[in-house]
Every structure is written in C-alpha cells, then in structure tokens.
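*Asks:*
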C-alpha cells in the first residue's frame with residue numbers, strides 16, 4: 059500500500075463527484091489524496107495567459123488552477139482530516155493518470171468528463187484507464203447506496219483473484235457486507251465428471267449448480283479468515299453475467315470486478331463484462347487488473 063489515492067479532475071460535475079468519493083476512500087484508508095488535472099492546452103500551442111482585452115484572472119492556466127482549487131476545497135469539506143495535495147500536469151488525461159497510477163493504491167475518476175458527448179454513457183478516459191491503470195481504478199457513476207453491500211463479480215479465473223482481495227479489503231474498510239456473485243449457464247459451466255462411467259453425458263439434476271457453488275467457494279477461500287469481520291453472502295445465479303451484476307448494482311454501494319475473466323482473449327485489456335458495467339451499472343465500479351495481465 060502506497061498511502062495515496064489519486065483523483066482526476068477536469069471541472070465537470072462528474073469529476074467533482076469523483077473527488078468526494080476519493081476523499082472518503084482516502085479517509086477510510088488513512089491515505090493522502092492527490093488531485094490531478096491533465097493540462098492539454100500547452101501541447102496545442104495556444105496562449106495560456108489572460109487575453110489583453112480580458113480580466114487579469116482570465117486565461118487557460120488560471121482556469122486550470124481554479125478548477126483544481128475548487129476540487130481541493132470540495133475534498134477538504136468532505137474529509138477535513140486528510141492530507142490533500144494537487145498537481146497540474148501537462149499532457150493527455152489517460153497518459154497523465156496512467157503515470158500517476160504507478161504510485162497510487164487507487165485512482166478515482168468520473169464516468170464522464172468535459173469532453174463527454176450527449177448519449178455517451180462513459181468517457182473514453184475512464185474505459186481506457188480501467189484497462190491500462192497500474193492499480194485499481196474506481197469509476198464513479200450514479201450515487202451509491204450508503205448502506206448497501208459491496209458486490210463482487212466472481213468468475214473463478216486466476217486474473218480475478220486481485221478483485222476478490224480488493225473487494226474483501228473494501229468491505230472491511232467500509233464495515234459493509236459483501237455479496238460474492240457468480241453466474242453460470244449450461245453453455246459456459248464446466249461439465250462435472252459423470253458418476254456412472256457407462257453414461258458419460260448423464261449427470262444427476264443439480265450437478266452443474268453444485269459445481270458452480272464449489273467454484274465460488276474455492277475462489278473466495280482464505281479471505282474470510284483474513285477479514286473475519288466481513289459478512290459474506292455467496293450468491294450463485296443461473297443467467298447472464300452482465301444482467302445479474304447490473305441488477306445487483308441497483309442496491310449496492312460499490313461493484314467490484316476484474317478487468318478480464320475466464321473468457322478473456324490474449325491482448326484484450328478489458329473484458330466485455332467490465333465494459334458493460336462501466337456503461338450501465340447503477341453504482342460506482344472498481345475494476346481491478348490481475349498481476350498476470352501485461353500491456
């Protein structure tokens with residue numbers, strides 16, 4: 059743990075909501091908060107100072123400093139006891155925040171920024187940072203249910219183990235219950251070995267469901283002992299993963315998923331389920347990349 063939470067700001071309402079969430083995350087961790095703004099205008103060779111015809115406090119650089127100051131004030135209003143730093147870095151937002159994620163334990167961003175288009179449910183920076191960030195990325199969407207559970211999407215993959223660890227740690231920090239949700243269908247469930255070798259394709263009713271419950275229990279093994287105060291509900295759902303997690307997010311304070319799951323293809327940095335949740339979940343979404351994933 060580095061003791062640092064980073065939040066990206068651009069002056070939008072979405073990024074200010076992210077600042078409030080980031081301040082609470084920093085407070086719960088006993089960590090510092092760094093407010094970061096990516097200043098793109100110098101790369102475009104446009105004047106940064108005030109216009110000769112305008113007020114002396116005008117200009118792009120003053121505007122950038124002003125929105126960072128507003129974000130810092132918002133953070134201190136939410137969590138006055140945390141240390142808050144700020145920095146304006148010249149560069150494109152994804153590049154700047156990816157670099158900042160190397161020294162952070164969590165990066166928080168809004169789902170849409172100043173460049174968001176009408177009808178675009180989640181900004182490109184949020185999606186790409188979830189795929190490229192070097193630490194967990196928390197994308198703030200709708201306001202969470204303060205007393206809701208942490209919902210963890212479990213697929214049993216090795217890449218998803220970091221998401222399991224993160225979800226248990228978050229539940230412990232927030233003193234919140236944890237819902238570990240695993241979905242399956244007859245098309246993606248591994249077929250258990252038949253009890254009667256003479257009937258190689260026959261299994262007793264319920265065998266697939268029992269196998270999926272076992273998979274879920276194995277994916278969570280050892281975490282309850284490390285976090286004995288966390289109340290965990292095992293939930294196995296027969297149905298689509300996206301639909302089940304989006305529905306569970308309606309009453310959740312946080313949804314946690316891995317970047318890629320069992321069906322991930324080599325070279326694909328963010329899975330289709332993770333992308334769908336970033337676009338449609340009803341609460342903030344934390345995407346946690348596995349240590350085996352590489353750029």
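Numbering (our numbering), first residue to last: 59 to 353. Every residue, glycine too, gets a C-beta built ideally from N, C-alpha and C.
So which of 158, 202, 98 has the shortest CA-CA distance to residue 79?
*Replies:* Residue 79 sits at position 21 when you count from the first residue of the chain shown. The candidate whose alpha carbon is nearest that of residue 79 is 202.
*Asks:* Nearest-angstrom Cα distance between residue 73 and residue 168?
*Replies:* Working through the chain shown from its first residue, we reach residue 73 at position 15. Working through the chain shown from its first residue, we reach residue 168 at position 110. A direct Cα-Cα distance of roughly 5 Å separates residue 73 from residue 168.
*Asks:* How long is the line joining the alpha carbons of residue 335 and residue 194, rounded to whole angstroms?
*Replies:* Numbered from its first residue, the chain shown carries residue 335 at position 277. Numbered from its first residue, the chain shown carries residue 194 at position 136. For residue 335 and residue 194, the distance between alpha carbons rounds to 15 Å.
*Asks:* Whose C-beta lies closer than 6 Å to the C-beta of residue 104 among residues of the same chain, with five residues either side of it excluded?
*Replies:* Taking the first residue of the chain shown as position 1, residue 104 is located at position 46. Reliability fails at residue 104, whose pLDDT of 47 lies under 50, so the model's placement of it is uncertain and the value that follows must be treated cautiously. Once the five neighbours on either side are set aside, residue 104 has no close Cβ partner at all.
*Asks:* Which residues share a DSSP beta bridge with residue 97?
*Replies:* Here residue 97 refers to the residue found at position 39 when the chain shown is read from its first residue. According to DSSP, which records beta bridges pairwise, residue 97 is partnered with 148.
*Asks:* Residue 219: buried (16+ other C-beta within 10 angstroms of its C-beta) or exposed?
*Replies:* Here residue 219 corresponds to residue number 161 of the chain shown, with the count starting at 1. Counting the other CB atoms within 10 Å of its CB gives residue 219 a total of 16 or more, which places it among the buried residues.
*Asks:* Hey, is the stretch 116–133 in contact with the stretch 144–158, meaning 3+ C-beta pairs nearer than 8 Å?
*Replies:* yes
*Asks:* For residue 297, which beta-bridge partners are listed by DSSP?
*Replies:* Stepping through the chain shown from its first residue, residue 297 is reached at position 239. Looking at the DSSP assignment, residue 297 forms no beta bridge with any residue, so it has no partner.
*Asks:* At a threshold of 8 Å, does residue 315 count as lining the ligand ADP (C-beta to nearest heavy atom)?
*Replies:* The model depicted lacks the ligand ADP and carries no ligand whatsoever.
*Asks:* Restricting to Cα atoms, I'd like to know which of 120, 317, 271, 156 is closest to residue 65.
*Replies:* On the chain shown, position 7 is the one that residue 65 refers to. Closest by alpha carbon: 156.
*Asks:* I'd like to check one pair, residue 98 with residue 67: are the Cβ atoms closer than 9 Å?
*Replies:* Sequence index remark: in the chain shown, residue 67 carries index 9 (1-based). Sequence index remark: in the chain shown, residue 98 carries index 40 (1-based). The answer is no: Cβ separation not under 9 Å.
*Asks:* Near residue 153, what residues of its chain come up, given a Cβ to Cβ distance below 8 Å and the 5 sequence neighbours on each side ignored?
*Replies:* Here residue 153 refers to the residue found at position 95 of the chain shown. So the list reads 96, once near-sequence residues are dropped.
*Asks:* When we look at the beta-carbon of residue 296 and count the other beta-carbons within 10 Å, is it buried (16 or more) or exposed?
*Replies:* The residue labelled residue 296 in the question sits at position 238 within the chain shown. The residue is exposed, with fewer than 16 neighbouring Cβ atoms inside 10 Å.
*Asks:* If distances are taken between C-alpha atoms only, which option among 69, 89, 76, 77 comes closest to residue 231?
*Replies:* Within the chain shown, numbered from 1, the residue matching residue 231 stands at position 173. Comparing Cα-Cα distances from residue 231 to each of 69, 89, 76, 77, the minimum goes to 89.
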